[in-house]
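**Student:** Reminder that position 66 of the sequence shown reads as 1057 in this note's numbering, one-by-one numbering, no gaps. So that we are looking at the same thing, I have put the structure below in structure tokens.
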Amino acid sequence: MSNPSPAGATGPAKIRLRHLQQAADEGRPFTMLTAYDQFAAQAFEAAGIEVLLVGDSVGTTVLGHTTTTATTHQDMLTFTGAVARSVHRPLVVADLAFGTYEAGPADALRHGVELVRAGAEAVKLEGGAEIAPQVRALVDAGIPVFGHLGFTPQSVNSLSGHRVQGRDEVGAEKLLADALALQRAGASALVLELVPAALAGRVTEAVDVPTIGIGAGPACDGQVLVWQDMAGLSGFRGTFVKVFADLRGELERAAQQYRTEVSERSYPGPEHSFE
Ligand code: KIV
């Protein structure tokens, strides 16, 4: 990323961790979007998005589940493979699914290795100091790790729903300490989800690795959104989401037009038919 705009037009042929670090050090915000399939991933690559996250949000955006705790390791392997095979330039990061790393470093390493075999170039896992041994084991094995702090969706039940984290000083200090613990364990970047903007700024100042915000204000080194939210497909209208397109409306319009033309026998026409 020697040039900040548009990211896809110039810069390295392949985004590596060092490019994210360089962008953060030079104060150039970078972008991450979730991706789960070939054509969306290719569109984001063409747009110059630097990092594609095969998030466990695939469970709630593609597979019809209501929480990411339902997403399985096999789901993650399938969708990670689909994205990794479809793009060249973006860094592909995959989530370790709920239940695949909490038991300890050996479990985290086994599942992390399988994600890398499927095409992931880094893995992301949720939690703070308590998962530092898992982060260390992955990093020691040569697997880059992205941490995930603040609202951690796999803990939606213990956090009593989707709530901004670190609003009080005790919570804020814990989040800062967790960020430093993950950095010490070797994490290459930290996702901060649903965190007050000022706290995200404090964390970004306190750590050397890039921070990537979602509902964490503008001070982070990068930003991430779930693609179906930002493109207006999911209909989700959280405070932190900006909707950049109306894909749902466009898709409905196209499907209605198709239905109308079939019912009127105007499609298929001679140009769509064989002699
Ligand atoms: O799975 C996901 O989409 C994520 C983002 C919300 C950061 O973890």
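We put the CB at the ideal spot given by N, CA and C, even for glycine.
Helix, strand or coil: which one does DSSP assign to V1255?
**Tutor:** It is worth fixing the name first, because residue 1255 is Glu in this sequence and not Val. In this structure, E1255 counts as coil in the three-state DSSP scheme.
**Student:** Just verifying my parser: in three-state terms, what is the DSSP assignment at I1205?
**Tutor:** Of the three classes helix, strand and coil, the one that applies to I1205 here is strand, per DSSP.
**Student:** Would you say the beta carbon of G1184 comes nearer than 7 Å to a heavy atom of the ligand KIV?
**Tutor:** For the sequence presented, residue 1184 should be read as Glu rather than Gly. Yes, the beta carbon of E1184 sits closer than 7 Å to at least one heavy atom of the ligand KIV.
**Student:** For H1153 and V1234, what's the separation of their Cα atoms in angstroms?
**Tutor:** About 19 Å.
**Student:** Answer with buried or exposed for F1142, where buried requires no fewer than 16 other C-beta atoms within 10 angstroms of its C-beta.
**Tutor:** The residue in question, F1142, is buried, as its Cβ has 16 or more Cβ neighbours within 10 Å.
**Student:** Does the distance between the C-beta of S1048 and the nearest non-hydrogen atom of the ligand KIV fall short of 7 Å?
**Tutor:** For the ligand KIV, at least one heavy atom lies less than 7 Å from the Cβ of S1048.
**Student:** When DSSP labels each residue in this structure, what does E1117 get in the three-state scheme?
**Tutor:** E1117: strand per DSSP, three-state reduction.
**Student:** A1222: which of H1263, A1113, V1130 and G1240 sits nearest, CA to CA?
**Tutor:** Of H1263, A1113, V1130 and G1240, the residue nearest in Cα terms is G1240.
**Student:** Contact between the stretch 1241-1249 and the stretch 1047-1057 is defined here as three or more beta-carbon pairs at a separation below 8 Å; is this criterion met?
**Tutor:** No: the two stretches stay apart, fewer than three of their Cβ pairs being nearer than 8 Å.
**Student:** What residue range is occupied by the uninterrupted alpha helix (DSSP H) comprising A1099?
**Tutor:** Element bounds for A1099: P1096 to A1109.
**Student:** Do M1067 and A1085 have their beta-carbon atoms positioned less than 8 Å apart in this structure?
**Tutor:** Taking 8 Å as the Cβ cut-off, A1085 and M1067 qualify as a contacting pair.
**Student:** Cβ-heavy atom distance between I1205 and the ligand KIV below 7 Å?
**Tutor:** Checking every heavy atom of the ligand KIV against the Cβ of I1205, one is found closer than 7 Å.
**Student:** If the criterion is Cβ atoms closer than 8 Å, does the pair A1132 and L1167 meet it?
**Tutor:** No, Cβ-Cβ distance for A1132 and L1167 is not below 8 Å.
**Student:** Compute every distance between the C-beta of L1044 and the non-hydrogen atoms of the ligand KIV, then say whether any falls below 7 Å.
**Tutor:** Correct: L1044 has its Cβ closer than 7 Å to the ligand KIV.
**Student:** Ordered along the chain, which non-local residues of its own chain (more than five positions away) have a Cβ less than 8 Å from that of V1228?
**Tutor:** It is Arg, not Val, that sits at residue 1228 in the sequence shown. Correct list, in chain order: V1234.
**Student:** So, with DSSP's three-state summary, where would you put G1240?
**Tutor:** Looking at G1240 - three-state DSSP - the assignment turns out to be helix.
**Student:** Using the rule of at least 16 other Cβ atoms within 10 Å of the residue's Cβ for burial, across every protein chain shown, is Q1029 buried or exposed?
**Tutor:** By the 10 Å Cβ count, Q1029 comes out exposed.
**Student:** Quick check on the burial criterion: 16 or more other C-beta atoms within 10 angstroms. Buried or exposed for V1253?
**Tutor:** Result: exposed.
**Student:** Looking at the ligand KIV, does it come within less than 7 Å of D1028, judged from the CB to the closest heavy atom?
**Tutor:** Result no, Cβ not under 7 Å from the ligand KIV.
**Student:** Inspect the beta-carbon positions of L1181 and G1208 and report whether they are closer than 8 Å.
**Tutor:** The answer is no: Cβ separation not under 8 Å.
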